[in-house]
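Just so you know, we're using numbering that gives the first Met the number 0 here: the first sequence kicks off at 0 and counts up by one. Think of the CB as a built atom: it goes at the ideal place given N, C-alpha and C, for glycine as much as any other residue. One structure is given here, and the rest of the page talks about it.
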Amino acid sequence: MPELPEVETICHDISASILKQKITSVVIRNFKLRYPISKTLPKILTGQKIEKVSRLGKYILLKTKTGALIIHLGMSGNLQIKPRDHDLAKHEHVNIILANNLSLCYHDPRRFGAILWTTKDSLKHKLLQNLGPDPLHITANHLFERAKSRRLPIKQFIMNNQIITGIGNIYASEILFAAKIDPLQKANSISLNQCKKLIKEAKRILKLAIKHRGTTISDHKDGKGKEGSFQNKLKVYGKEKIPCGKCRTKLKLIKIAGRSTFFCPSCQAT
DNA sequence: ATTTTCTCCTGCATGC
DNA sequence: TGCATGCAGGAGAAAA
Numbered sequence: 000m001p002e003l004p005e006v007e008t009i010c011h012d013i014s015a016s017i018l019k020q021k022i023t024s025v026v027i028r029n030f031k032l033r034y035p036i037s038k039t040l041p042k043i044l045t046g047q048k049i050e051k052v053s054r055l056g057k058y059i060l061l062k063t064k065t066g067a068l069i070i071h072l073g074m075s076g077n078l079q080i081k082p083r084d085h086d087l088a089k090h091e092h093v094n095i096i097l098a099n100n101l102s103l104c105y106h107d108p109r110r111f112g113a114i115l116w117t118t119k120d121s122l123k124h125k126l127l128q129n130l131g132p133d134p135l136h137i138t139a140n141h142l143f144e145r146a147k148s149r150r151l152p153i154k155q156f157i158m159n160n161q162i163i164t165g166i167g168n169i170y171a172s173e174i175l176f177a178a179k180i181d182p183l184q185k186a187n188s189i190s191l192n193q194c195k196k197l198i199k200e201a202k203r204i205l206k207l208a209i210k211h212r213g214t215t216i217s218d219h220k221d222g223k224g225k226e227g228s229f230q231n232k233l234k235v236y237g238k239e240k241i242p243c244g245k246c247r248t249k250l251k252l253i254k255i256a257g258r259s260t261f262f263c264p265s266c267q268a269t
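Written as structure tokens, this is what we have:
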């Protein structure tokens with residue numbers, strides 16, 4: 000699903016259309032997401048103005064005067080700006096209709112996403128309060144310190160959003176390949192230098208992916224419904240049995256914690 | 001406390 | 001064509 004670059008792209012795209020806009024109505028067609036959508040959400044949101052749009056890891060926050068709407072896109076979700084009277088797409092579960100006659104449309108076939116309202120300081124929300132730092136801001140020392148007590152594979156470690164937010168299955172493989180780190184290497188055996196390299200490559204790859212408006216393998220669409228292009232820049236994800244771009248060794252596909260993991264057994268040898 | 005497994009759901013590719 | 005199977009970009013909860 001949407002990982003950091005995809006969420007960032009969507010967040011950026013929808014901002015211009017919804018910022019400072021008043022919500023005139025909210026339509027919910029399916030309440031059953033990962034957590035049930037609150038029945039009172041339309042009543043809460045109607046009449047409120049969207050004052051700020053921001054991203055926290057893979058979460059999108061729409062702030063109003065009295066609270067924040069927390070949106071997560073799960074595996075297959077997206078948010079698009081459409082005219083108020085657009086043709087309804089399949090799996091379009093929620094519409095937030097604005098005074099400018101545009102509609103913020105939440106679309107999510109697998110319904111692993113979430114839409115939650117909080118009146119507290121949103122950072123204190125249960126789902127957000129324990130999130131790790133954003134990879135675009137994290138330091139190598141921080142990652143190194145956190146890794147010391149963990150012996151799970153480094154790939155699993157960097158996909159844990161309590162450690163570092165925003166890195167999902169695609170970019171985890173890409174980052175570890177670029178940093179020449181074996182995805183199976185235990186987190187507590189990662190050196191400070193490896194952490195530095197990992198973070199450097201994470202920043203480079205995630206920024207580049209944002210520039211390319213994300214990776215569209217099957218689902219990702221930006222805020223206008225268009226596909227990203229970073230799938231054309233991937234070096235290892237989905238490329239098992241294809242020669243490594245650096246050393247020509249055949250890339251390998253293994254499962255780590257049940258997730259497909261792509262790497263070069265030669266470049267990323269421990 | 002950390003790590004592994006299970007779970008939510010639809011759609012698509014594959015094989016019979 | 002139809003049906004069964006397995007897999008897909010996430011991540012919290014339960015189990016180990």
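Close beta carbons around residue i, own chain, < 6 Å, minus the five adjacent residues each side
i	result
Gln47	Ile22, Thr63
Ala113	Leu32, Arg33, Tyr34, His71
Lys147	Asn187
Limits of the unbroken beta strand (DSSP E) element including residue i
i	result
Ile198	Per DSSP, Ile198 belongs to no beta strand (DSSP E); it is in the alpha helix (DSSP H), 191-210.
Asn77	77-82
Leu122	Counting along the chain, Leu122 falls outside any beta strand (DSSP E), and DSSP gives it neither H nor E.
Thr260	258-262
Ser188	Taken as a continuous stretch (DSSP letters only), Ser188 belongs to no beta strand (DSSP E), as it is neither H nor E.
Thr23	22-27
Extent of the continuous alpha helix (DSSP H) run through residue i
i	result
Arg247	Looking at the DSSP string, Arg247 is not in any alpha helix (DSSP H), and its letter there is neither H nor E.
Ile271	As shown, the chain starts at 0 and ends at 269. That puts residue 271 outside it, with no answer to give.
Asn3	A quick correction: the sequence has Leu, not Asn, at residue 3. Residues 3-17.
Ser172	168-177
Phe156	153-157
Phe143	139-146
Proximity of residue i and residue j at Cβ, strictly below 8 Å
i	j	result
Ala256	Gln161	no
Val26	Val93	yes
Phe262	Lys251	yes
Ala177	Ile204	yes
Ile209	Thr8	yes
Ser16	Ile80	yes
Val52	Cys10	yes
Phe111	Gly73	yes
Leu97	Gln20	yes
Trp116	Ser228	no
Lys238	His211	no
Leu191	Phe143	yes
Glu226	Lys234	no
Ser75	Asp181	no
Sequence-distant residues of the same chain with beta carbon closer than 7 Å to residue i, five excluded per side
i	result
Lys179	Cys266, Gln267
His90	His106, Asp107, Pro108
Arg83	Ile96, Asn100, Leu101, Ser102
Phe224	Residue identity differs from the one stated: residue 224 is Gly in this sequence, not Phe. Around Gly224: Gln79.
His124	Ile69, Thr117
Ile271	There is no way to answer for residue 271, as the model of the chain reaches only from 0 to 269.
Gly131	Asn160, Gln161, Ile162, Ile163, Thr164
Gln230	Thr214, Thr215, Ile216
His141	Pro132
Arg149	Phe156, Ala186, Asn187
Assumed close pair residue i, residue j - CB separation to whole angstroms, cut-off 8 Å
i	j	result
Leu126	Ile69	7 Å
Ile169	Tyr236	5 Å
Leu78	Ile13	6 Å
Gln184	Thr269	5 Å
Leu61	Ile49	5 Å
Spatial neighbours of residue i in its chain, beta-carbon cut-off 8 Å, leaving aside the 5 residues before and after
i	result
Pro134	Leu3, Ile163, Thr164, Gly165, Ile166, Ile198, Ala201, Lys202, Leu205
Thr118	Thr65, Gly66
(request) Could you name each continuous alpha helix (DSSP H) segment of 4 residues or more that falls completely within the segment 29-59, going from the start of the chain to the end? (result) With a minimum length of 4 residues, the unbroken runs of alpha helix (DSSP H) contained wholly in the segment 29-59 fall at 40-44.
(request) Starting from the N-terminal side, write out each stretch of the beta strand (DSSP E) that is 3 residues or longer and does not extend beyond the segment 80-111. (result) 91-97, 101-106
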